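Undergrad:
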């Protein structure tokens, strides 16, 4: 490998890829540059000696997702994802489901980050045709490719088998039957594994519904309220002192909660 | 071509628990010490800020602070007839990255192994005869005894401020502690953590069954503490963000809380981060190390000469560095010869999930080491004669967290989605607890690690290849333990208790444990070990290797307590023997 390739590769994985967007340059890379010392002999590294490195407010927050529009999905793709996640976690008497909690926005934004390209995973070939079930993820397809190709295959399947209709236009019954078939891998799409599409959307739906609302899903902490998770209160010594009691304080997220005037 | 840097006395590869402790103690003697760490610098205030740390998606699910598989991973297969494929995404275990290493993202369960664990082959043979040992085993006595390690366990526990209750003080059994533990010279540095409602039920049920439960030793501290290096910690708040996270409270013992604040003040210490060590350099005859070669953040190669090389990376990466450097004879499984990569072991997990009619367990009020355990079925604390297996498990009732992406249990038979799933999740979150068994894994000819013939890292070096599966002995043991866990779960008052057996082959998909051991085993015989009893390479005496890669086989506990004790044990040998007369501390 050429030195240039190697240094580009190292630069890529040496620092977190989720960066705040302020001031055009991330605080982290700024600091990394500032701390890049030249030793007497010319070696470059982040050198720490004699004192703990310290800069005020060095912790780097994630950039909060602002709902509205799509960064990765087309409007048609978003409509299909909306319809799928609405069946996986429906809105009912227990509260808002995935669609109404912003899970489609969550997935859209995640796909545009390092997750969407499997940027942090080992993606060098050769890729095996028949991996052992114990060997886990072995597909060369990134999540972005899975959504793009998988949603197209689902749309084509619906068109061919439901009189030209789109997935979103099917009855709830038909949607559920189709999703159950995809989950088991019984439904055969043209050119794409229905099971792979299901399992990726399913995993992302659970992530979006239960992740901190800062990522665009779990709006008003609906997922947390459903199960009784108080969020990031970070101090439960009182709970330990009062066993087997219902916890009554409302949940709090990284950006606070609505009663505090946060979004 | 690597450019050459000025010589140092000591070069340390990897700045986690063992590297940071060795760096501090050696720098304090005035030696010039440089630590080379491939990940970034990390510190509590900067990287584990309370406004960003409790983020399950970022750290728990996307693994932001772990080693990225793109940078380095391993390949795996269950046996040597199969073709290994890369672990493209972490699952079964999670190697750390950066300053603090796995000691930054761990749960903090800090155990001592039992006296019998250190002479398991002799002990089991004496009590039950050779026939009890499983087929194809490589079980070996450790070259060091519990009594020899005791003062060094104590030193490590004082460094961390471990919270717990002694069960055996100088031979006198203590109420409230683990009666099976080896004799301790001192009580734990801090008292046990608070326990929750579920642990109350567990303690009562287990005691009622004639078992001996106790609060497990924890490096999430029950109270404020200052250690021997003057580093201070605050009491744990039971926030439930330990494993996979950095602690924003300075309540979880880690190199960041316990060692680094003192280490960076040593004028003869220097850390170079984002620098990856390529190999340990040897003299022409291969009998001495001359230092290391590393690649810095810009991709430039540097040679760092040093008199003493301390290999302090995560277990599997220690093995890899030795193989890439040509230190020790690589293990050849086909011939059952060689030592580097031999005796790779892991840990079993089995148990019971308990569903209650009506309970408010509040699983979110948790800590990585919160929980109560019992050792009645660990090591040889029970008669193995009727069971036909070697080994045992610590059995625990605990909540390490209630983080909802990864923890939203439902009863068996619940649909995986839809309104029925939603209702079940709503009704179940507060009413589930578990009794789990973390078991030993013996060493075998069939389980080993070596260099993969196909897959490489971005620097062009071969990945490690893991060939591992649970053997019959481990399945028998784990399934025996699952039944014991189910008995306890029922006695706790569970409405239903499901049993979680160890059946299928080892898979990389579900998280199990980051307790990967072996590969640079310590021993008394150079034909079956890489390191002597002081963690010194048999072949290259100015190389020492720390960490769980030294374990001849794994015990039924988390490894970090023993990793720490071995570090202080080796340090003592370096300070009091090696530095006075550099050379082999044990003759071949």
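Residue numbers (our numbering), protein chains in the order written: chain A, -12 to 250; chain B, 131 to 718.
By construction, the Cβ of each residue, glycine as well, lies at the ideal position given by its N, Cα and C atoms.
Since this is a predicted model, take the numbers as computed values, not measurements.
#1: Report the neighbours of residue 39 of chain A on chain B: residues whose CB is nearer than 8 Å to its CB, in chain order.
#2: Following the continuous beta strand (DSSP E) through residue 467 of chain B, name the residue where it begins and the one where it ends.
#3: List the residues of chain B whose Cβ lies closer than 8 Å to the Cβ of residue 59 of chain A, in chain order.
#4: With DSSP run on the structure shown, which of helix, strand or coil describes residue 698 of chain B?
#5: Provide the residue span of the alpha helix (DSSP H) that contains residue 338 of chain B, from first to last.
#6: For residue 572 of chain B, count neighbouring C-beta atoms within 10 Å of its own C-beta (all shown protein chains included) and say buried if the count is 16 or more, exposed if not.
#7: Tell me whether the beta-carbon of residue 761 of chain B lies closer than 8 Å to the beta-carbon of residue 716 of chain B.
#8: How is the beta strand (DSSP E) around residue 523 of chain B delimited, first residue to last?
#9: Quick one, are the C-beta atoms of residue 437 of chain B and residue 139 of chain B less than 8 Å apart?
#10: Measuring CB to CB, does residue 435 of chain B end up less than 8 Å from residue 420 of chain B?
#11: Output the boundary residues of the beta strand (DSSP E) element that contains residue 440 of chain B.
#12: Going straight from the alpha carbon of residue 260 of chain B to that of residue 241 of chain B, what length do you get?
#13: Contact between the segment 617 to 632 of chain B and the segment 106 to 118 of chain A is defined here as three or more beta-carbon pairs at a separation below 8 Å; is this criterion met?
#14: Leaving aside the five residues before and after residue 695 of chain B along the sequence, list all residues of the same chain whose C-beta is less than 6 Å from its C-beta, in chain order.
#15: Within 10 angstroms of the Cβ of residue 561 of chain B, are there 16 or more other Cβ atoms? Answer buried if so, exposed if not.
#16: Comparing alpha-carbon positions, which option in A/77, A/63 and A/88 lies nearest residue 196 of chain A?
#17: Can we say the segment 182 to 202 of chain A touches the segment 345 to 358 of chain B, given the rule of at least three CB pairs closer than 8 Å?
#18: Please go through the same chain and pick out, in chain order, the residues whose beta-carbon is closer than 6 Å to the beta-carbon of residue 19 of chain A, but skip the five residues on each side of it.
#19: Could you check whether residue 268 of chain B and residue 504 of chain B sit closer than 8 Å to each other, using their CB atoms as the reference points?
#20: Measure from the alpha carbon of residue 306 of chain B to the alpha carbon of each residue in B/320, B/291 and B/344, then state which is nearest.
#21: For residue 61 of chain A, which three-state DSSP category applies?
#22: Check whether the segment 518 to 531 of chain B and the segment 363 to 377 of chain B are in contact - that is, three or more C-beta pairs closer than 8 Å.
#23: Measure the CB-CB distance between residue 647 of chain B and residue 449 of chain B and report whether it falls below 8 Å.
#24: Terminal residues of the continuous alpha helix (DSSP H) containing residue 564 of chain B?
#25: Below 8 Å CB to CB, which residues in the same chain sit around residue 181 of chain B once its five sequence neighbours on both sides are set aside?
#26: Of all the CB atoms in chain B, is at least one closer than 8 Å to the CB of residue 76 of chain A?
#27: At a Cβ cut of 9 Å, what residues of the segment 118 to 132 of chain A count as close to chain B, listed as they run along the chain?
#28: Less than 8 Å between the beta carbons of residue 318 of chain B and residue 301 of chain B, yes or no?
#29: Sorted by chain position, which residues of the same chain lie with C-beta nearer than 6 Å to residue 391 of chain B's C-beta, five sequence neighbours on each side aside?
#30: Decide if the segment 324 to 339 of chain B is in contact with the segment 210 to 219 of chain B; the criterion is three or more beta carbon pairs, one per stretch, under 8 Å apart.
#31: Given a threshold of 16 other Cβ atoms within 10 Å of its Cβ, counted over all protein chains shown, does residue 582 of chain B qualify as buried or as exposed?
#32: Alpha carbons only, please: which of B/187, B/462, B/161 and B/202 is nearest the one belonging to residue 588 of chain B?
#33: Mind the definition here: the segment 310 to 317 of chain B touches the segment 471 to 487 of chain B only if three or more C-beta pairs lie below 8 Å; say whether that holds.
#34: Does residue 36 of chain A get closer than 8 Å to chain B when you measure Cβ to Cβ?
#35: In chain A, which residues lie less than 7 Å from residue 534 of chain B when you measure between Cβ atoms?
#36: Answer yes or no: does any C-beta atom of chain A fall closer than 8 Å to that of residue 654 of chain B?
TA: Short version:
#1: Locating residue 39 of chain A in the first chain gives position 52, where the first residue counts as 1. 173, 390, 391 and 394, listed in chain order.
#2: Along the second chain, read from residue 1 onward, the residue named residue 467 of chain B stands at position 337. Residue 467 of chain B -> no beta strand (DSSP E), and no H or E assigned at all.
#3: The residue given as residue 59 of chain A occupies position 72 in the first chain. Result: empty, since nearest Cβ-Cβ is about 17 Å, beyond 8 Å.
#4: Stepping through the second chain from its first residue, residue 698 of chain B is reached at position 568. The answer is helix: DSSP assigns residue 698 of chain B an H, G or I state.
#5: For the purposes of this step, residue 338 of chain B is identified with residue 208 of the second chain, where counting begins at 1. Looking at the DSSP string, the run of the alpha helix (DSSP H) that includes residue 338 of chain B is 327 to 338.
#6: As a first step, residue 572 of chain B is located in the second chain; it is residue number 442 there, counting from the start. By the neighbour-count rule (16 or more Cβ atoms within 10 Å), residue 572 of chain B is buried.
#7: Limits of chain B in this structure are 131 at one end and 718 at the other, which puts residue 761 of chain B out of reach.
#8: In the second chain, the residue the question calls residue 523 of chain B occupies position 393. Residue 523 of chain B -> beta strand (DSSP E) spans 523 to 527.
#9: Within the second chain, the letter at position 307 stands for residue 437 of chain B. Within the second chain, the letter at position 9 stands for residue 139 of chain B. Yes, the pair counts as a contact, with Cβ atoms nearer than the cut-off.
#10: Counting from one through the second chain, the residue named residue 435 of chain B turns up at place 305. Counting from one through the second chain, the residue named residue 420 of chain B turns up at place 290. Contact: yes.
#11: Walking along the second chain from the start, residue 440 of chain B turns up at place 310. Segment 431 to 441, the beta strand (DSSP E) holding residue 440 of chain B.
#12: Indexing the second chain from 1 puts residue 260 of chain B at position 130. Indexing the second chain from 1 puts residue 241 of chain B at position 111. Approximately 29 Å, taken between the alpha carbons.
#13: Contact fails: fewer than three Cβ-Cβ distances are below 8 Å.
#14: The residue labelled residue 695 of chain B in the question sits at position 565 within the second chain. Excluding sequence neighbours, residue 695 of chain B sits near 279, 282, 283 and 286.
#15: Along the second chain, one-based indexing puts residue 561 of chain B at 431. So residue 561 of chain B ends up on the buried side.
#16: Locating residue 196 of chain A in the first chain gives position 209, where the first residue counts as 1. When only C-alpha atoms are compared, the closest one is A/88.
#17: no
#18: Within the first chain, residue 19 of chain A is the residue found at index 32, counting from 1. For residue 19 of chain A, the pLDDT reaches just 38, beneath the cut-off of 50, and the residue's location in the model is therefore unreliable, although a value from the coordinates is still provided. Hits under 6 Å: none found.
#19: Position 374 of the second chain holds residue 504 of chain B. Position 138 of the second chain holds residue 268 of chain B. Against a cut-off of 8 Å, the Cβ pair of residue 268 of chain B and residue 504 of chain B comes out as no contact.
#20: Numbered from 1 along the second chain, position 176 holds the residue referred to as residue 306 of chain B. Nearest of B/320, B/291 and B/344 to residue 306 of chain B, Cα basis: B/344.
#21: Residue numbering aside, residue 61 of chain A sits at position 74 when the first chain is read from its first letter. Residue state, collapsed to three classes: coil.
#22: yes
#23: Position 517 of the second chain, counting from 1, holds the residue named residue 647 of chain B. Position 319 of the second chain, counting from 1, holds the residue named residue 449 of chain B. It is not a contact, given that the beta carbons lie outside the stated cut-off.
#24: Within the second chain, residue 564 of chain B is the residue found at index 434, counting from 1. No alpha helix (DSSP H) contains residue 564 of chain B, which is instead part of the beta strand (DSSP E) from 562 to 569.
#25: Counted from its first residue, the second chain places residue 181 of chain B at position 51. Hits under 8 Å: none found.
#26: As a first step, residue 76 of chain A is located in the first chain; it is residue number 89 there, counting from the start. Yes, its Cβ sits closer than 8 Å to a Cβ of chain B.
#27: 118, 119, 120, 121, 122, 123, 124, 125 and 126
#28: Here residue 318 of chain B corresponds to residue number 188 of the second chain, with the count starting at 1. Here residue 301 of chain B corresponds to residue number 171 of the second chain, with the count starting at 1. Not closer than 8 Å, so no.
#29: Locating residue 391 of chain B in the second chain gives position 261, counting from the first residue. 361, listed in sequence order.
#30: no
#31: Counting from 1 along the second chain, the entry for residue 582 of chain B is found at position 452. Buried, since its Cβ has 16 or more Cβ neighbours within 10 Å.
#32: Within the second chain, numbered from 1, the residue matching residue 588 of chain B stands at position 458. Answer by Cα proximity: B/202.
#33: no
#34: The residue you call residue 36 of chain A lines up with position 49 of the first chain. Chain B contact via Cβ: present.
#35: If you number the second chain from 1, residue 534 of chain B lands on position 404. Under the 7 Å cutoff, chain A gives 197, 210, 211, 214 and 216.
#36: Translated into positions along the second chain, residue 654 of chain B becomes position 524. Cβ-Cβ to chain A under 8 Å: no for residue 654 of chain B.
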